[in-house]
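**Q** So that you can map any letter, position 121 of the sequence shown is 121 in this note's numbering, and since no number is skipped, the others follow by simple counting.
Backbone N, C-alpha and C fix where the C-beta goes; we use that ideal spot for every residue, glycine too.
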Amino acid sequence: MADESIAADWPEIEYEECYPIDEDFVAWGNVTSPPLDINKAGAWLLRELPRAAENMCCSCRVRKGRNLMGKPVLLIEFSTSGWSGAESIIALINRRVDLRWHMLSWRRGGHYVFEVKAPPARPISEVRKQAWATRRAKYGESGHGGSYAR
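1. Does the count of Cβ pairs from the stretch 46 to 66 and the stretch 76 to 92 closer than 8 Å reach three?
2. Compare the beta carbon distance of V116 and S105 with 8 Å and say whether it is the shorter of the two.
3. For V73 and A43, which I take to be in contact (beta-carbon distance under 8 Å), what is that distance rounded to the nearest angstrom?
4. With distances taken between CB atoms, is the gap from I13 to A52 smaller than 8 Å?
5. Is it the case that the Cβ atoms of C18 and C60 are separated by a distance below 8 Å?
6. Taking R95 as part of the alpha helix (DSSP H), name the residues at either end of that continuous run.
7. With G65 as the anchor, note down where its beta strand (DSSP E) starts and where it stops.
8. I need the DSSP call for E17, collapsed to helix, strand or coil.
9. Within its chain, find whatever has a CB closer than 7 Å to the CB of H102; leave out the 5 residues flanking it on each side and keep chain order.
10. DSSP on W132, reduced to helix/strand/coil?
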């Protein structure tokens, strides 16, 4: 959904047996390593929270929404379900100003919502080009199975 290359220089969380290997995030050093950056923090959340849900007993849902100013955003709903590995990720987020800045709300039981700036919309010509490439790959050069006529 977002350009993952934005946060490419930020560490990925590695997992072993449903827990982050570095649960205290020692590799992150102090709270300003990597350097503070709001946009990279949002891209990192968008990359890592869904990965956490794949590797641990927690859940993550990303959906489109609008902020208070009516601008498009992506809302990341992350529930830790009390899983200590997931709680350690939340502890890291609370340790860093740029990650915590994206936290929209939290409620009892380990339920968090993060708000991340939505990537710019793709031009319609690019969307159409991709759609036709997909159709041609599926149905051949004509872009359909010969089942429709005008």
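**A** Short version:
1. With the cut-off at 8 Å, the stretch 46 to 66 and the stretch 76 to 92 touch.
2. No. Outside cutoff.
3. Taking C-beta atoms under 8 Å as the contact rule, V73 and A43 fail to qualify, at a distance of about 13 Å.
4. Cβ atoms of I13 and A52: closer than 8 Å.
5. No, these two residues do not count as a Cβ contact at 8 Å.
6. Here the alpha helix (DSSP H) through R95 covers S84 to R95.
7. Its beta strand (DSSP E) spans residues S59 to R66.
8. Judged by DSSP in its simplified three-state form, E17 adopts coil rather than helix or strand.
9. Correct list, in chain order: A41, G42, L45, F114, E115 and V116.
10. Three-state DSSP puts W132 in a helix.
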